[in-house]
Amino acid sequence: MRVPTAAVTAGSLIAGWQVARRTGVRPLGGAILAAGGLVAGREWSRRTGPVTTGALVATYLGAFVVSHPLARRIGPWPSVLAVAAVTAAVSYAAADRRP
Numbered sequence: 017m018r019v020p021t022a023a024v025t026a027g028s029l030i031a032g033w034q035v036a037r038r039t040g041v042r043p044l045g046g047a048i049l050a051a052g053g054l055v056a057g058r059e060w061s062r063r064t065g066p067v068t069t070g071a072l073v074a075t076y077l078g079a080f081v082v083s084h085p086l087a088r089r090i091g092p093w094p095s096v097l098a099v100a101a102v103t104a105a106v107s108y109a110a111a112d113r114r115p
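Taking my numbering, the leading residue of the sequence shown gets 17, the next gets one more, and so forth.
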């Protein structure tokens, strides 16, 4: 069964942020982020080559990093939703839409 990595990446970015925010335990949010990255990374490596997988991992991690300064400019919810949407779109285009 194919795991939709676009949903995994977007969902884990949003869920990780919400868990960290609501519990006050940032490492718990990071664990969710890491789990999503591992699931997506495994699928990317199955579907694509190492260069594409590396680029997708970099996109996922970059989205997490960019969300922090972006949140100061546009607010936390818009920031997390924006980076989740971009990450999902890139993941879909590079890995999920392939048969």
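C-beta atoms are modelled at their ideal positions from N, C-alpha and C, and glycine is treated no differently.
Collapsing the DSSP output to three states places G40 in coil. Annotated three-state conformation of T69 is helix, per DSSP.
By the criterion of a C-beta distance shorter than 8 Å, T68 is surrounded in its chain by W60, A110, A111, once the five residues flanking it on both sides are discounted. For T103, the enclosing alpha helix (DSSP H) covers residues 92–107. Residue environment: T39 is assigned as exposed (fewer than 16 neighbouring CB atoms within 10 Å of its CB, all protein chains considered). The beta carbon of L86 is closer than 6 Å to those of S95 in its chain, skipping five residues each way along the sequence.
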